[in-house]
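Below is one structure, written out as structure tokens; comments come after it.
In the working numbering, the protein residues as written are 119 to 298.
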């Protein structure tokens, strides 16, 4: 929790929501002076507590009201994300497998946060490019040098199940060729 104090210098803004009142507001000035990090973390979740002083608060706010807050630390650039299924964690470390010359190659990476089935990684060997083909399915069963081939390069968009009519009387029948 102590390390979060240094990150407060990068804080750009805070957005608040009082669901019970339907009230939303923002605070964007003097945030470094208004926020305190409580030096105690939850041992199970790692969550920390933060106290924020609100200058000139809305008159509808009252003690005991729950406020939800989103702290904006700005946008980080050049962050790589890969699908979580592409990561292989082994005793040698975390790697992703890529296709090079039709064969699987191991690329060591450092994994960080996971969100929405994607993992933030650091490619410290600088081998991953936007055009690099990652091995997704079966990445845990692949080993370096094995021959691989690319499937489903451009996936077709799928329609939701509920949008297809079950009572459709038309069906596609393959055209028959005459044997003459």
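Just so you know, even glycine gets a beta-carbon here, dropped at the ideal spot from N, CA and C.
Keep in mind the model is a prediction, meaning the values are calculated, not measured.
For residue 205, no alpha helix (DSSP H) encloses it; the enclosing beta strand (DSSP E) starts and ends at 205–208.
Nearest to residue 128 by alpha-carbon distance, out of 244, 242, 164 and 153, is 153. Residue 192 is not bridged by DSSP to any residue. Residue 151: member of the alpha helix (DSSP H) spanning 149–152, first to last residue. Within the same chain, and ignoring the five residues on either side of residue 224 in sequence, the residues whose Cβ sits closer than 7 Å to its Cβ are 213, 215 and 262. By the beta-carbon neighbour count (other beta carbons within 10 angstroms, threshold 16), residue 150 is exposed.
Secondary structure at residue 211: strand, using DSSP grouped into helix, strand and coil.
CA-CA distance, residue 174 to residue 248, rounds to 48 Å. Under the three-state reduction of DSSP output, residue 258 falls in the helix class. Assigned with DSSP and collapsed to three states, residue 135 falls in strand. In this structure, 185 is the residue among 179, 130 and 185 with its C-alpha nearest to the C-alpha of residue 167. Judged by DSSP in its simplified three-state form, residue 221 adopts strand.
Under the three-state reduction of DSSP, residue 128 is assigned to helix. Under DSSP, residue 265 forms a beta bridge with 221.
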